[in-house]
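First up is the structure itself, then whatever we jot down about it.
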Amino acid sequence: MSTTTFAAVSAVKQRSEHAFDVDLSSQWTIGGRPNGGYLLATIGRAAGAVGPHPDVLAASAHYLRSPEPGPAEVEVEPLRAGRGASQVRARLLKDGVPCVEALLTLGTLPAEGQARWAGGLPDPRPTDPDGGVRVPSQTPTGTAAAIFDEVGARLDPESVRTFTEGPRGVGELWGWLTLPGDEPFDPVSLLFAVDAFPPATFDIAASGWVPTLELTAYVRARPAPGPVRVLHRAQLIDDGRVDESCFVWDRTGRLVVQSTQLAGIRLD
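In terms of my numbering, the sequence shown opens at residue 85 and continues consecutively.
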């Protein structure tokens, strides 16, 4: 298990008013490349340091190329600052080359609250967060996934069959997620949570890793302390691309973040 914190590996150091230095961890990787949610969270941390609003409410990121771990930078361009929300454009660069381009809306999430209506959401099907089986640090096709030595990603017993018996054809993975050292989730780390689980396509057919092309996340609430409940679902595979949705609830059953993403896929 990791000896560092998510806050440390996603830290940003302000170099100028709108530019930040970052150090992309070699441990938060799949196949030696940084996880897309980890990159988006790092961008979100920089965006929250610019302007009047601290919390990312919505983020849409396009992944142009996958950076090597190590020193990189984030540039943030304010677009609008309103009373209740502000918008920024941000990009992550490696050696001056853009790797991720993002648009973000920021605001201030209340400390507490309750959803007025949640009838359109999946049932979170609560289970014991200490149950299940930890996701291995190697994919079913043998790709190294060092990130799963850092985070506590545990699959429900039914979802584990994808890794022990092969794909079920359901296209869903259910489980629980914790950060290193049981660090509490916050609006920044929730941007990582929506991309933390293995691709739901592993439950459909064996493939290499599934690289994200675009990821949109909505942060809905501040989570209660503790693990978060995750549903990762594939919806359609067509023409070498798949769209996946992710829903994340805190331990009280409140949805705290959701996402959709478009990814490339090569099936065996």
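Cβ coordinates follow ideal geometry from the N, Cα and C atoms, glycine included. Computed from a prediction, not measured in an experiment: that's the story for all the values here.
Where do the N-terminal and C-terminal ends of the alpha helix (DSSP H) with residue i fall, by residue?
i    : result
S243 : P241 to T248
I127 : G120 to G132
S329 : Note, S329: premise wrong, no alpha helix (DSSP H); beta strand (DSSP E) at R325 to W333.
V272 : P271 to A277
In terms of residues, what are the limits of the beta strand (DSSP E) holding residue i?
i    : result
S170 : S170 to K178
T336 : Unbroken run through T336: none, as it is neither H nor E.
L190 : V181 to G191
H146 : D139 to Y147
Could you please give me the residues that DSSP links to residue i through a beta bridge?
i    : result
D105 : K97 and E157
W258 : L315
R238 : R218 and W260
T344 : T300 and S329
A228 : Q222
P162 : V172
R117 : I114
Quick one: grab the DSSP three-state call for residue i.
i    : result
S110 : coil
D287 : helix
L299 : strand
D322 : strand
G34  : It is not possible to answer for residue 34, since the shown part of the chain is limited to 85 through 352.
A92  : helix
Could you tell me whether any Cβ in chain C is nearer than 8 Å to the Cβ of residue i?
i    : result
R325 : Among the protein chains of the structure shown there is no chain C, as only one such chain exists.
Buried or exposed: where does residue i fall if 16 or more other Cβ atoms within 10 Å of its Cβ makes it buried?
i    : result
L205 : exposed
S243 : buried
L141 : buried
K97  : exposed
E249 : exposed
S109 : buried
W258 : buried
L320 : exposed
A145 : buried
P307 : buried
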